[in-house]
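With the sequence shown counted from 1, adding 19 to any position gets you my numbering.
Glycine included, every Cβ here is placed at the ideal spot set by N, Cα and C.
Here's the structure, in structure tokens; my notes come after.
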Amino acid sequence: MIRTENLVFGYHKHVPVLKELSVDFDADLNVIIGPNACGKSTLLKCLFGILNYEGKVFWNNQDLSKLDFEEKAQLMAYLPQGDVENTSLTIFETVLLGKVASLSWKVTDDQLDEVYNVLNTMNLLPIYDKKINELSGGQKKLVTIAQTLIREPELIIMDEPTNNLDIQKQLELFDIIRQIIKHKKIKFIIVLHDINVSTRYADKIIVLNDGKKYACGQPEEIINVAMLKDVYGVHGKLVKDQNDTTFVVAESSVNEINLFGKE
């Protein structure tokens, strides 16, 4: 689907954020994890072509830098951190704007049917006439995804979609994403902070550390005690639930903190 070769980017000259990064995003649900400021969000912006990088980004062996914005937008969608803006538009109108350039345009019955189908997929149909400024954070996140789905991209890139969502809404969001993958055949690249959500849902995890690829593979292959120490700077252990899914329990920082001297 999409891959990088020797990707390099820095916001300041001679201070690279991404360093010779070569990654294949070839799974259905690819999740990028790593500590703060390791380059996760920057990588997403490079994949979508927002930033001018060195190296290559390919879409099925086609150099993405050769495509204009409209051509890229037909292939993929990029959802940065944050939700849809607070407006007096309804959910239905907001999702429809993902299909037409303006609400003043003539809308066909087929386009209206597409909106209804997407709202039904996202479980938003019962509140289709509710205004955006009346929604919860979780509902706004679903509207953002619905507005993207109406465009029918092949790939959706998301930056920390679980921010500000409670545990229930996080799990529901990823249950929806897994169903979209299954029924719509859309692939995802998602940045997450939560390792345990990543191990539960990801097909492939890419671990970044200091702008470099530390590890890449299936969750059970790369989530281990050594990675927790090397990348996150914590001592921890791994436990399994009844479904044999691995979870991380962080126990302490590798750095000893003594504000008032040793006791």
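Query, Result
"If you drop the 5 nearest sequence neighbours on each side, which residues of the same chain put their C-beta closer than 7 Å to that of L44?", "Before going on, a small fix: residue 44 reads as Phe here, not Leu. Answer for F44: M20, I21, R22 and I208, listed in chain order."
"Between the Cα of S84 and the Cα atoms of I200, H202 and L26, which residue gives the shortest distance?", "L26"
"Hey, quick one: how far does the alpha helix (DSSP H) through C65 stretch, first residue to last?", "K59 to F67"
"Give every residue of the same chain whose Cβ lies closer than 8 Å to the Cβ of N274, excluding the five residues on either side of it in the sequence, and list them in chain order.", "G252"
"Between the Cα of Q237 and those of L144, G230, V226 and K64, spot the shortest distance and give me the residue it belongs to.", "V226"
"I'd like the list of long-range same chain contacts for I52, defined as Cβ closer than 7 Å, with 5 residues on each side in sequence excluded.", "L211, I214, S217, I224 and V226"
"Does the Cβ of L190 lie closer than 7 Å to at least one heavy atom of the ligand SAH?", "Summarising the ligand content, the structure contains no ligands, and the ligand SAH is consequently not present."
"Can you give me the Cβ contacts of T113 inside the same chain, cut-off strictly under 7 Å, excluding the 5 residues immediately before and after it?", "V103, I151, V162 and Q166"
"Here's the rule: buried if 16 or more other CB atoms are within 10 angstroms of the residue's CB, otherwise exposed. What is T181?", "buried"
"Taking Cβ positions, are K206 and E171 nearer each other than 8 Å?", "no"
"State the beta-bridge partners of N49 as determined by DSSP.", "I208 and K223"
"For G74 and Y30, I'd like the C-alpha separation in whole angstroms.", "15 Å"
"Considering only C-alpha positions, which residue in the set K32, V36, L37 and C57 is nearest to N228?", "C57"
"Using a 10 Å radius around the Cβ and a threshold of 16 neighbouring Cβ atoms, would you call F279 buried or exposed?", "exposed"
"Of all the options E153, Q130, L131 and K159, which has the alpha carbon lying nearest to the alpha carbon of N142?", "K159"
"What's the gap between the Cα of N80 and the Cα of E24?", "11 Å"
"Under a three-way DSSP split, which group does A56 fall into?", "coil"
"Got a sec? Which residues, its chain only, sit under 8 Å from G156 by beta carbon, not counting five neighbours each side?", "D102, N183, L184 and K188"
"Could you check whether G255 and P35 sit closer than 8 Å to each other, using their CB atoms as the reference points?", "no"
"Among the residues of its own chain, which have a CB less than 6 Å from the CB of E270, if the five just before and after it don't count?", "H254 and G255"
"Please return the same chain residues whose Cβ sits closer than 8 Å to the Cβ of C65, not counting the five positions on each side in sequence.", "T23, L26, F28, L37, Y72 and V76"
"Once DSSP output is grouped into helix, strand and coil, what is the label at I164?", "helix"
"Can you list, in chain order, the residues of its chain whose CB lies under 8 Å from that of I169, leaving out five sequence neighbours each side?", "V114, L115, G117, K118, E133, V134 and V137"
"Suppose the cutoff is 8 Å on Cβ atoms and the five residues either side in sequence are ignored; what does the same chain contact list for F88 look like?", "G68"
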